[in-house]
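Participant:
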Amino acid sequence: MYQEQTQRFIEALQLQHMPVGLAFVEEVPAGIQHQETPVPSACTYWRLGEKGVFYANGDDHKECPIGMMTMGFAMPTEAQQRAGVLVETMASVEYFSPAEVSALPVVQKPHQSIIYGRLDEFPVDADVILCVLNNQQAMLIAEASGSTNWLQGGQNAFGRPTCAVIPRTMQTGETTMSFGCIGARTYMGLTPSELVLTIPTAKFSQLVDRLQTIVSANAALAPYHEGQKARFSA
Numbered sequence: 014m015y016q017e018q019t020q021r022f023i024e025a026l027q028l029q030h031m032p033v034g035l036a037f038v039e040e041v042p043a044g045i046q047h048q049e050t051p052v053p054s055a056c057t058y059w060r061l062g063e064k065g066v067f068y069a070n071g072d073d074h075k076e077c078p079i080g081m082m083t084m085g086f087a088m089p090t091e092a093q094q095r096a097g098v099l100v101e102t103m104a105s106v107e108y109f110s111p112a113e114v115s116a117l118p119v120v121q122k123p124h125q126s127i128i129y130g131r132l133d134e135f136p137v138d139a140d141v142i143l144c145v146l147n148n149q150q151a152m153l154i155a156e157a158s159g160s161t162n163w164l165q166g167g168q169n170a171f172g173r174p175t176c177a178v179i180p181r182t183m184q185t186g187e188t189t190m191s192f193g194c195i196g197a198r199t200y201m202g203l204t205p206s207e208l209v210l211t212i213p214t215a216k217f218s219q220l221v222d223r224l225q226t227i228v229s230a231n232a233a234l235a236p237y238h239e240g241q242k243a244r245f246s247a
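Here's what the structure looks like:
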């Protein structure tokens with residue numbers, strides 16, 4: 014479904030990580046396997062999604078109360094209590110204000126499960142596309158999406174929690190970037206130069222097309238800057 018676009022996207026950016034699709038569904042289509050191995054965080058599923066296609070339900074997300082919240086799953090009493098303890102811990106070290114919790118983006122689309130999987134093998138319509146980028150790749154995406162255009166108001170970017178990029182993109186229909194919170198960096202093994210970006214599926218094809226132009230433009234401008242630098246070299 015997304016194979017050709019995914020390949021062009023990977024080649025244009027020289028990606029090191031496979032883009033992942035996410036679909037929030039009431040019923041899981043036949044043939045998609047349940048990911049039953051317990052995981053410590055919702056963002057762990059993004060890493061697993063780089064390797065194959067599977068689904069996980071609300072109960073599978075229970076070890077990550079913040080992720081369970083942003084992913085829009087109903088939280089049982091135990092999960093609510095654990096979320097409260099985590100928020101208190103964050104507040105005690107001045108990392109997170111309890112008042113912020115009420116402002117967190119939350120997935121509003123009705124669903125019982127989330128289908129995760131590598132985008133080139135994704136079998137259904139994705140609600141959002143997620144990828145791990147380095148700083149240079151993120152700049153190319155920002156240029157291609159128009160968010161570096163001073164006439165258009167700038168990039169949608171924030172820090173924590175990283176999982177909030179998913180509902181934010183679903184609600185706004187805009188590409189969204191997270192610099193990567195300490196949780197995501199720990200569970201996903203992000204390097205210091207990597208960040209997480211989500212793309213609304215409806216805009217993916219247009220973004221891929223525009224990306225080809227931006228990559229070529231950067232290549233055309235590089236010799237000028239290299240020559241300018243050489244003029245001032247000792």
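14 is the number of the first residue of the sequence shown in the numbering used here; add one for each residue after it.
Every residue, glycine too, gets a C-beta built ideally from N, C-alpha and C.
Give the DSSP bridge partners of Thr189, in chain order.
Facilitator: Counting from 1 along the sequence shown, the entry for residue 189 is found at position 176. Partner(s): Thr211.
Participant: So what's Leu132 in DSSP terms, helix, strand or just coil?
Facilitator: Here residue 132 is taken as the residue at index 119 of the sequence shown, counted from 1. It is helical.
Participant: Mapping DSSP to helix, strand and coil, what is Leu203?
Facilitator: Reading the sequence shown from its first residue, position 190 is the one you call residue 203. Three-state result, Leu203: coil.
Participant: For Tyr68, name the three-state secondary structure that DSSP assigns.
Facilitator: What you label residue 68 is simply residue 55 of the sequence shown in a count that begins at 1. Reduced to three states, the DSSP call for Tyr68 is strand.
Participant: Would you kindly work out how many angstroms separate the C-alpha atoms of Tyr15 and Gly130, rounded to a whole number?
Facilitator: For the purposes of this step, residue 15 is identified with residue 2 of the sequence shown, where counting begins at 1. For the purposes of this step, residue 130 is identified with residue 117 of the sequence shown, where counting begins at 1. For Tyr15 and Gly130, the distance between alpha carbons rounds to 12 Å.
Participant: Answer yes or no: do Leu35 and Ile154 have a C-beta to C-beta separation smaller than 8 Å?
Facilitator: Working through the sequence shown from its first residue, we reach residue 35 at position 22. Working through the sequence shown from its first residue, we reach residue 154 at position 141. No.
Participant: If we ignore side chains and look at the alpha-carbon of each, how far apart do Phe67 and Ile45 end up?
Facilitator: Along the sequence shown, read from residue 1 onward, the residue named residue 67 stands at position 54. Along the sequence shown, read from residue 1 onward, the residue named residue 45 stands at position 32. Roughly 6 Å between the two C-alpha positions.
Participant: For Thr50, count neighbouring Cβ atoms within 10 angstroms of its own Cβ and tell me buried if that reaches 16, exposed if not.
Facilitator: Walking along the sequence shown from the start, residue 50 turns up at place 37. Exposed.
Participant: Assign Gly202 to one of two classes, buried (16 or more other C-beta atoms within 10 Å of its C-beta) or exposed (fewer than that).
Facilitator: By 1-based counting over the sequence shown, the position of residue 202 is 189. Exposed is the call here.
Participant: Can you tell me which of the three DSSP states Leu28 falls into?
Facilitator: One-based indexing of the sequence shown puts residue 28 at position 15. The answer is coil: DSSP assigns Leu28 none of H, G, I, E or B.
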